[in-house]
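**Q** Take the position in the sequence shown, starting the count at 1, then add 80; the result is the number in the numbering used here.
Glycine included, each C-beta is placed from N, C-alpha and C at the ideal position.
Note that this is a predicted model, so its numbers are computed, not measured.
This is the structure I have questions about; it appears just below.
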Amino acid sequence: MKHSIIIAVSSLLLLSCSVPRESMKSLGDRVFTLADSQFKILDSKLDADRFPRTVENGRLLDAPISWWCSGFFPGSLAYTYAYTQDPEMLQLAVKNTQKLDSLFCGRYKTSHDVGFMTVCSYGKLYELGICDTIPAMLGLAADKLASRFSPVTGTTRSWDFGKWKWPVIIDNMMNLELLMEYGTPEQQKMAMSHADRTIENHFRGDFTTWHVVDYSRKDGSVRRKQTHQGLNDDSAWARGQAWALYGYTMMSREASKKGYPEAAERYLSQARSVALMLLDRLPSDGIPAWDFDAPEPALRDASAAAVMASAFVELSGLLPERGLSRRCLKMARTQISTLASSLYLAEPGEIGGFLLKHSVGNMPGGGEVDVPLTYADYYFLEAVYRYNRI
Ligand code: GLY
81 MKHSIIIAVS SLLLLSCSVP RESMKSLGDR VFTLADSQFK ILDSKLDADR
131 FPRTVENGRL LDAPISWWCS GFFPGSLAYT YAYTQDPEML QLAVKNTQKL
181 DSLFCGRYKT SHDVGFMTVC SYGKLYELGI CDTIPAMLGL AADKLASRFS
231 PVTGTTRSWD FGKWKWPVII DNMMNLELLM EYGTPEQQKM AMSHADRTIE
281 NHFRGDFTTW HVVDYSRKDG SVRRKQTHQG LNDDSAWARG QAWALYGYTM
331 MSREASKKGY PEAAERYLSQ ARSVALMLLD RLPSDGIPAW DFDAPEPALR
381 DASAAAVMAS AFVELSGLLP ERGLSRRCLK MARTQISTLA SSLYLAEPGE
431 IGGFLLKHSV GNMPGGGEVD VPLTYADYYF LEAVYRYNRI
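Rendered as structure tokens:
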């Protein structure tokens, strides 16, 4: 808890100082120069089939290809190359992405997170103009995700473990980008069905979201709504709210791009409502506690702030209302600036080659608490990159 008190006090001091505000161009140069040197350190510590997960007690914890976060390091390298144009980064981005090739094998047992794993790695190489043969591969990954869709529940299934019958977690909104961007028209309809069912069943009246909704696989009715990584079943787990904001913003963009204007409007309206809820509840430095309902002093979650910042930048460009659009962009800038301050950002050579300190993976499970996390770095870089391209 000590670090959250220090962070709160330091944030107030920062806000009250009259130092000139750093431009976003200068912040981008600073952050990506750091990423370029940190990621070379991190890459040098990795085996050929491993990916960075976190650092605990000064020790790098890595993870295999099958882990839900395996695509984030390759994607972070791709963003870094796109910004710095350092040829060594290009090599590292391609090498680390290719480590994931076995995800496309027929024998590879799929998971609901195949979207995170492939869109954030191969998808970025394509999107950033590094490699143009990606869409066919990602079509294969989309087939794998589509195999988890049930017309009875109207959703893709999340976890294969646990006591649930057909668990769907709010996080799963993120995987829909794979179906929308690289899938067939039928798979795009599955993605929109999942997003529509999630609007129906995951949200409370105040536009916070439950983490897990368990459906009956016999008739598609809702069996239970609860949390897994939040404070309690009725609380607003911060990263879950971030996935909701990002997920509906992304779905609005994708539905519009693929020719479904009514769906695009529905998803934009949902993202707008989630954004209003967040703008109301976020603290002045933009970094939420790990759960919005956690009693203070509570640990902050840099990863949730990074996901939100990236989504706020995109949403600001989709919203027709200038006032709200500006508020979203302002919040993104606040979040990015706080994350890029010494409270969160590593010094060169620090924290084993990661960028951001102070994320929370799974508080109730006691895993990855107040540590660097590979996805916090990824969404932070995406936010900085997106902001600098406005
Ligand atoms: N998708 C898993 C998490 O957000 O922790």
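Could you check where the alpha helix (DSSP H) with S439 kicks off and where it finishes?
**A** Mapped onto the sequence shown, residue 439 falls at position 359. Not the alpha helix (DSSP H): S439 falls in the beta strand (DSSP E), residues 439-442.
**Q** Among S349, W239, Q178, which one has its Cα closest to the Cα of D276?
**A** Position 196 of the sequence shown, counted from the first residue, corresponds to residue 276. Here the closest residue by C-alpha is S349.
**Q** Determine the DSSP secondary structure at R402, reduced to helix, strand or coil.
**A** Position 322 of the sequence shown, counted from the start, is the residue given in the question as residue 402. It is helical.
**Q** Give a single yes or no on whether Q309 has its beta carbon closer than 7 Å to a heavy atom of the ligand COA.
**A** The ligand content of the structure shown is limited to the ligand GLY, which means the ligand COA is not among them.
**Q** Curious, which full-length beta strand (DSSP E) runs of at least 3 residues does the stretch 200-275 contain?
**A** 247-249
**Q** By Cβ distance below 6 Å, which residues in the same chain neighbour A162 in space, the five residues on each side in sequence not counted?
**A** Counting from 1 along the sequence shown, the entry for residue 162 is found at position 82. Cβ neighbours of A162 beyond the five flanking positions: L208.
**Q** Take I279 and list the residues in its own chain whose beta-carbon comes closer than 6 Å to its own, dropping the five residues that flank it on each side.
**A** Your numbering for residue 279 matches position 199 in the sequence shown. Result list for I279: Q350, in chain order.
**Q** On the DSSP bridge list, what partners appear for P132?
**A** As a first step, residue 132 is located in the sequence shown; it is residue number 52 there, counting from the start. Per DSSP, D142.
**Q** Taking Q309 as part of the alpha helix (DSSP H), name the residues at either end of that continuous run.
**A** The count along the sequence shown starts at 1 and reaches residue 309 at position 229. It is not in any alpha helix (DSSP H) - Q309 carries neither H nor E in the DSSP assignment.
**Q** Between the stretch 369-380 and the stretch 304-321, are three or more C-beta pairs nearer than 8 Å?
**A** Touching, yes, given that three or more Cβ pairs across the two stretches are closer than 8 Å.
**Q** Would you report the Cα separation of Y347 and M330, rounded to the nearest angstrom?
**A** For the purposes of this step, residue 347 is identified with residue 267 of the sequence shown, where counting begins at 1. For the purposes of this step, residue 330 is identified with residue 250 of the sequence shown, where counting begins at 1. In a straight line, the C-alpha of Y347 is about 9 Å away from that of M330.
**Q** Grouping DSSP H, G and I as helix and E and B as strand, with all else coil, what is R110?
**A** On the sequence shown, position 30 is the one that residue 110 refers to. Helix at R110.
**Q** Indicate the three-state DSSP secondary structure (helix, strand or coil) for F287 in the structure shown.
**A** Against the sequence shown, residue 287 aligns to sequence position 207. In this structure, F287 counts as coil in the three-state DSSP scheme.
**Q** Bridge partners of R380, per DSSP?
**A** Position 300 of the sequence shown, counted from the first residue, corresponds to residue 380. Paired residue(s): A369.
**Q** Pull up the DSSP beta-bridge partners for L423, would you.
**A** By 1-based counting over the sequence shown, the position of residue 423 is 343. None; L423 has no bridge partner.
**Q** Rounding to the nearest angstrom, what Cα-Cα distance links V393 and S405 in this structure?
**A** In the sequence shown, the residue the question calls residue 393 occupies position 313. In the sequence shown, the residue the question calls residue 405 occupies position 325. Cα to Cα, V393 sits roughly 9 Å from S405.
**Q** I'd like the list of long-range same chain contacts for S238, defined as Cβ closer than 7 Å, with 5 residues on each side in sequence excluded.
**A** Within the sequence shown, residue 238 is the residue found at index 158, counting from 1. For S238, where only same-chain residues beyond five positions count, the Cβ hits under 7 Å are H192, P247, V248, I249, N252.
**Q** What separation, rounded to the nearest whole angstrom, lies between the Cα atoms of G433 and S301?
**A** Indexing the sequence shown from 1 puts residue 433 at position 353. Indexing the sequence shown from 1 puts residue 301 at position 221. Answer to the nearest angstrom: the Cα atoms are 46 Å apart.
**Q** Return helix, strand or coil for W148, following the three-state DSSP convention.
**A** Residue mapping note: residue 148 aligns to position 68 of the sequence shown, counting from 1. Correct three-state label for W148: coil.
**Q** Residue range of the beta strand (DSSP E) that G447 falls in?
**A** In the sequence shown, residue 447 corresponds to position 367, counting from 1. G447 -> beta strand (DSSP E) spans 447-451.
**Q** Pull up the distance between the alpha-carbon of R228 and that of S106, whole angstroms please.
**A** Here residue 228 is taken as the residue at index 148 of the sequence shown, counted from 1. Here residue 106 is taken as the residue at index 26 of the sequence shown, counted from 1. For R228 and S106, the distance between alpha carbons rounds to 44 Å.
**Q** Would you say the beta carbon of D299 comes nearer than 7 Å to a heavy atom of the ligand GLY?
**A** Within the sequence shown, residue 299 is the residue found at index 219, counting from 1. No.
**Q** Given P167, which residues of its chain have a CB within under 7 Å of its CB, disregarding the five upstream and five downstream residues?
**A** In the sequence shown, the residue the question calls residue 167 occupies position 87. The answer is none, since no qualifying residue turns up.
**Q** Please tell me whether F283 has its Cβ less than 8 Å away from any Cβ of chain C.
**A** Within the model displayed, chain C is absent; a lone protein chain is all it includes.
**Q** Based on Cα-Cα distance, which residue from G339, P341, S383, A322 lies nearest to L358?
**A** Locating residue 358 in the sequence shown gives position 278, where the first residue counts as 1. Out of G339, P341, S383, A322, A322 has the C-alpha closest to the C-alpha of L358.
**Q** If you run the structure through DSSP and keep just helix, strand and coil, what is Y326?
**A** As a position in the sequence shown, residue 326 is number 246, starting the count at 1. Helix at Y326.
**Q** Does the beta-carbon of D381, which I'm using as the reference point, lie nearer than 7 Å to any heavy atom of the ligand GLY?
**A** Residue mapping note: residue 381 aligns to position 301 of the sequence shown, counting from 1. Not so, every heavy atom of the ligand GLY lies at least 7 Å from the Cβ.
**Q** Given a threshold of 16 other Cβ atoms within 10 Å of its Cβ, counted over all protein chains shown, does I214 qualify as buried or as exposed?
**A** Here residue 214 refers to the residue found at position 134 when the sequence shown is read from its first residue. Looking at its Cβ environment, which holds 16 or more other Cβ atoms inside 10 Å, I214 is buried.
**Q** Should D457 be counted as a contact of the ligand GLY given a C-beta to heavy atom distance under 7 Å?
**A** The count along the sequence shown starts at 1 and reaches residue 457 at position 377. No, the ligand GLY has no heavy atom inside 7 Å of this Cβ.
**Q** Considering only their Cβ atoms, is the gap separating P444 from Q306 smaller than 8 Å?
**A** Looking up residue 306 in the sequence shown gives position 226. Looking up residue 444 in the sequence shown gives position 364. Cβ distance not < 8 Å, so Q306 and P444 don't count as in contact.
**Q** Sorry if obvious, but does the Cβ on R319 come closer than 7 Å to a heavy atom of the ligand GLY?
**A** Position 239 of the sequence shown, counting from 1, holds the residue named residue 319. Checking the Cβ of R319 against the ligand GLY gives yes.
**Q** Which stretch, first to last residue, makes up the beta strand (DSSP E) that contains D294?
**A** On the sequence shown, residue 294 is found 214 positions in, with the first residue counted as 1. From DSSP, the beta strand (DSSP E) with D294 extends over 292-295.
**Q** Report the partner residues of L436 according to the DSSP bridge assignment.
**A** Locating residue 436 in the sequence shown gives position 356, counting from the first residue. In DSSP, L436 forms a bridge with L425.
**Q** Taking the DSSP output, what are the residues bridged to V302?
**A** To locate residue 302, count along the sequence shown from 1; it is residue 222. Paired residues: Y295.
**Q** Determine contact between the stretch 132-143 and the stretch 178-198, defined as no fewer than three beta-carbon pairs at a distance below 8 Å.
**A** no
**Q** Can you give the Cα-Cα distance for G234 and W290, rounded to whole angstroms?
**A** Within the sequence shown, residue 234 is the residue found at index 154, counting from 1. Within the sequence shown, residue 290 is the residue found at index 210, counting from 1. The straight-line gap from Cα to Cα measures roughly 18 Å.
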